[in-house]
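Chains Y and U, in that order, are what the protein sequence lines are. Take the first sequence: its letter number 107 is residue 95 in my numbering, and every next letter is one higher. Take the second sequence: its letter number 290 is residue 278 in my numbering, and every next letter is one higher. Ideal Cβ placement from N, Cα and C applies to all residues, glycine included. Scroll down for the structure; my scribbles are underneath it.
2 protein chains.
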Amino acid sequence: MQALTFELIKQDTRTNARRGRLSTPHGFIDTPAFMPVGTAATVKAMRPEQVAEAGADIILSNTYHLYLRPGAEVVREAGGLHRFMNWNRAILTDSGGFQVFSLGDLRKITEEGVSFRSHIDGSAHMLSPEKSIEVQNALGADIIMAFDECVSYPAEKAYVKAALERTARWLKRCKTSHKNTDTQALFGIMQGGMYADLRIQSARETVEADLPGYAIGGLSVGEPKTQMYEMLDVSAEQLPKQKPRYLMGVGSPDCLFEGVERGIDMFDCVLPTRVARNGRAFTSQGNINIKNARFARDYAALDPECGCYACRNYSRAYLRHLYKAEEMLSSMLLTTHNLTFLLHMMAHMRTAIEADRFLEYKREFFGKYGAE
Amino acid sequence: MQALTFELIKQDTRTNARRGRLSTPHGFIDTPAFMPVGTAATVKAMRPEQVAEAGADIILSNTYHLYLRPGAEVVREAGGLHRFMNWNRAILTDSGGFQVFSLGDLRKITEEGVSFRSHIDGSAHMLSPEKSIEVQNALGADIIMAFDECVSYPAEKAYVKAALERTARWLKRCKTSHKNTDTQALFGIMQGGMYADLRIQSARETVEADLPGYAIGGLSVGEPKTQMYEMLDVSAEQLPKQKPRYLMGVGSPDCLFEGVERGIDMFDCVLPTRVARNGRAFTSQGNINIKNARFARDYAALDPECGCYACRNYSRAYLRHLYKAEEMLSSMLLTTHNLTFLLHMMAHMRTAIEADRFLEYKREFFGKYGAE
């Protein structure tokens, strides 16, 4: 039995945008899909049904964080991540790679893996391809990610090449150690920094592993957006059409449209949930910051075109008050709104692709929303 | 038209416990009732429907806080407090008295009222009986409270006597300035510290004002519980049976039982919501602190006898994880549980009084819960 199947439903005729459907042990995922992030086995400030109600078919959770706290064994004993966090739809776990590489001085990379110190208590740990897969097998997500090396930006070409080749060697070890191939689908991750030839090399070496899906890593790490789109074009071209493509760490409306246009099927990002906690809301007329004084006596909905729980029941004046008073309900309502906004935007993109009017929808959207 | 009516449904035959029903412009309140506190126009960490689902017929909100932020005018312009915060059941606002007296060096009491400095920005303000009622009229709660002077504990008898007499004079000014008698019911507040004769004097002077309800203030301020119960006995005896009685600032299970047994109909306290945010949960087997290491691998429900959303869907291990990871969902779930626990306990008390088995229920409850 296969853990994951991907059906390509419709190919846009003028762009590389595609409409598909993933099938997992925890339900279907209509693509292009955005995955909200639930780092520590919770999408911050949300009950899980509210995440589903916002329109999420799948969420992402972080292996690094769960490995350190509460520990993979606790999650396994609890019946796996779905049951532990009361989320019955699909889950994708990352490999922990990105987080440990982000620790800077606290980590050391060898061929074996990455030794690092916990950001919580300074204790010493080691994540390797085998260990990452072992932890992800214990967590039990529907989609798990290979342990890769994401280089920082900018980076020397020689280093980027060495890193992508190590990533390819690590991918083989991930594939060998993966135990639950019938319930968990392993995706490989391409690297290659901002070098087109290295992106092509990494794509080819990754696709060689013949996996249920492929991710493009190492983008949206500080480079200009035009450069990211160029790397995306180069990478996507190398990928088999019948497999899902996941662009990691991308979640702003403009990047989502540009990614979909280039043939990406899946995205994740902390952006909509993180900015919500800082009082920032997506709206159909562009982004607003609710703490702004001009909302103090504004009794209209956050976004008059949105039908989410927050927009149906509360005014901007109330939301501003909650933010100023540092009330949790502020984060709860703005997160509900931002996720609903972004997930509805994805749903509209899917409908548009089906109707062969993706570019028209893109134009309509940004006509109101404005440039990012 | 009267803003509030009170129906006495059943008097316990062995104690002063009573079962009643208040009727307000925003629905019925079955008594004895506990009122969750929504200080800044939100019960912290809860959507309002979740507060209703937990079993609350009425919540309390704080005039002092709303007066300072967002300001009474904003709430009035928004259509009143119910609409502003999306809570369609009854609301009681306090007078701001307790909060300004608690400011210590930041406030000064005169016959006119209390001048004070904001705890938010240090700005200078004055709350008087007239100003408190004006603000409460703008907020539009179903029950509003007279502006009183709550003395600290312990206090000299001469000061307590002067304060209760000032409170009686202020009550007359509150009654005179109250504009919305057909939609908002004004309750008077008795004081008298820990002096039985002063409690009797204050009760008589307050009842003289002939109001829709009466509150007992200045208790649960640090005195031994036996002393509080004694003052309660003395005060309740002076009150007309056909009017609701509200004991302010009390919310632990033992105090609620003792209060109900002495004929109290209404209570409020931040306790269940505040301790929830600190990881403390009421359970049928006594209070627990979820951060305790013994819950790290405990996959049972928080309280196996509770049917709340948190107990139905999550384990102690998960709740402990959320608390340790400082996730908002920890406060959201524990608040849901604590409110449900306390409000169900009140509902059981009401059923027990109806069946003339209040004392039996009290014994059963504490047989499992243990002493506080």
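With 16 other Cβ atoms within 10 Å as the buried cut-off, status of residue i
| i | result |
| --- | --- |
| U/Lys378 | This structure gives no information on residue 378 of chain U, because the portion of chain U shown stretches from -11 to 360. |
| Y/Gly210 | exposed |
| U/Tyr297 | buried |
| Y/Gly15 | exposed |
| U/Arg282 | exposed |
| Y/Ser111 | exposed |
| U/Asp198 | exposed |
| Y/Thr19 | buried |
| Y/Leu185 | Reading the sequence as shown, one finds Asp at residue 185 of chain Y and not Leu. Per the 10 Å Cβ criterion, exposed. |
| U/Glu137 | buried |
| U/Ile108 | exposed |
| U/Ser295 | A quick correction: the sequence has Gly, not Ser, at residue 295 of chain U. Under this definition U/Gly295 is an exposed residue. |
| U/His(-11) | In the sequence on display, residue -11 of chain U carries Met and not His. By the neighbour-count rule (16 or more Cβ atoms within 10 Å), U/Met(-11) is not buried but exposed. |
| U/Lys119 | buried |
| U/Asn50 | buried |
| U/Thr362 | This structure cannot settle anything about residue 362 of chain U, because the visible part of chain U is limited to -11 through 360. |
| Y/Arg233 | buried |
| U/Gly358 | exposed |
| U/Asn125 | buried |
Euclidean distance between Cα positions of residue i and residue j
| i | j | result |
| --- | --- | --- |
| U/Phe72 | Y/Met133 | 45 Å |
| Y/Trp158 | Y/Phe255 | 23 Å |
| Y/Phe354 | Y/Met333 | 11 Å |
| Y/Gly101 | Y/Ser223 | 25 Å |
| U/Gly8 | U/Thr214 | 26 Å |
| Y/Glu(-5) | Y/Asp291 | 34 Å |
| Y/Gly247 | Y/Lys231 | 16 Å |
| U/Ala44 | U/Met114 | 33 Å |
| U/Cys162 | U/Lys32 | 30 Å |
| Y/Gly68 | Y/Ile97 | 29 Å |
| Y/Glu293 | Y/Thr328 | 12 Å |
| Y/Trp75 | Y/Glu37 | 8 Å |
| Y/Asp170 | Y/Ala60 | 20 Å |
| U/Glu249 | U/Gly181 | 21 Å |
| Y/Ile(-3) | Y/Ser11 | 13 Å |
| U/His325 | U/Cys299 | 7 Å |
| U/Arg187 | U/Gln226 | 9 Å |
| U/Pro142 | U/Glu314 | 38 Å |
| U/Arg154 | U/Phe104 | 18 Å |
| Y/Ala156 | U/Leu259 | 56 Å |
| U/Lys145 | U/Tyr183 | 7 Å |
| U/Thr1 | U/Ala343 | 10 Å |
| U/Tyr217 | U/Leu322 | 29 Å |
| Y/Lys356 | U/Arg35 | 31 Å |
| U/Ser83 | U/Tyr52 | 7 Å |
| U/Gly274 | U/His70 | 35 Å |
| Y/Thr3 | Y/Val148 | 30 Å |
| Y/Asn266 | Y/Ala289 | 18 Å |
| Y/Gly92 | Y/Ala151 | 16 Å |
Residue i beta carbon near the ligand GTP (any heavy atom closer than 8 Å)
| i | result |
| --- | --- |
| Y/Pro241 | The ligand GTP is not part of this structure, which contains no ligands at all. |
is_contact[residue i, chain A] using C-beta, thresh 9 Å
| i | result |
| --- | --- |
| Y/Met133 | Considering every chain present, this structure includes no chain A. Its protein chains are Y and U. |
Return the residues of the region 238 to 269 of chain Y that lie within a Cβ-Cβ distance of less than 8 Å from chain U, sorted by chain order. Under the 8 Å Cβ criterion, the region 238 to 269 of chain Y contributes no residue.
Taking any Cβ of chain Y, which residues in the region 32 to 43 of chain U have a Cβ under 8 Å from it, in chain order? Cβ proximity to chain Y below 8 Å picks out Lys32, Ala33, Met34, Arg35 from the region 32 to 43 of chain U.
Would you check if the region 13 to 27 of chain U and the region 238 to 254 of chain U touch, i.e. whether three or more CB-CB distances between them fall below 8 Å? yes
Any chance you could list the alpha helix (DSSP H) runs of at least 4 consecutive residues sitting entirely within the region 192 to 248 of chain Y, in chain order? 213 to 225
Listed in chain order, which residues of the region 286 to 316 of chain U have Cβ atoms closer than 7 Å to some Cβ of chain Y? Tyr287, Asn301, Tyr302, Ser303, Ala305, Tyr306, His309, Leu310, Lys312, Ala313, Glu315, Met316
For the structure I just gave you, are there three or more beta carbon pairs, one from the region 174 to 188 of chain U and one from the region 202 to 209 of chain U, closer than 8 Å? yes
Of all the beta strand (DSSP E) runs that stay within the bounds of the region 51 to 98 of chain U, which reach a length of 3 or more residues? 78 to 81, 95 to 97
Does the count of Cβ pairs from the region 273 to 281 of chain U and the region 306 to 320 of chain U closer than 8 Å reach three? yes
Quick check: the region 262 to 270 of chain Y against the region 322 to 333 of chain Y, are at least 3 beta-carbon pairs closer than 8 Å? Verdict: yes, contact present.
Within the region 106 to 142 of chain U, ranges of the alpha helix (DSSP H) (whole runs, at least 4 residues): If only complete runs of 4 or more residues are kept, the region 106 to 142 of chain U shows the alpha helix (DSSP H) at 117 to 127, in order along the chain.
Members of the region 71 to 84 of chain Y near chain U, C-beta cut-off 8 Å: Within the region 71 to 84 of chain Y, the residues whose Cβ lies closer than 8 Å to any Cβ of chain U are, in chain order, Phe72, Met73, Asn74.
Using a Cβ-Cβ cutoff of 8 Å, what residues of the region 144 to 169 of chain U are near chain Y? List them in chain order. none
Taking a cut of 7 Å between CB atoms, which residues from the region 46 to 72 of chain Y lie near chain U? Arg57, Pro58, Val62, Glu65, Ala66, Phe72
Cβ-based contacts, 8 Å cut-off: residues of the region 96 to 112 of chain Y near chain U: none
Members of the region 270 to 283 of chain U near chain Y, C-beta cut-off 8 Å: none
Relative to chain Y, which residues along the region 17 to 33 of chain U have a C-beta separation below 8 Å, given in chain order? Ala28, Ala29, Thr30, Lys32, Ala33
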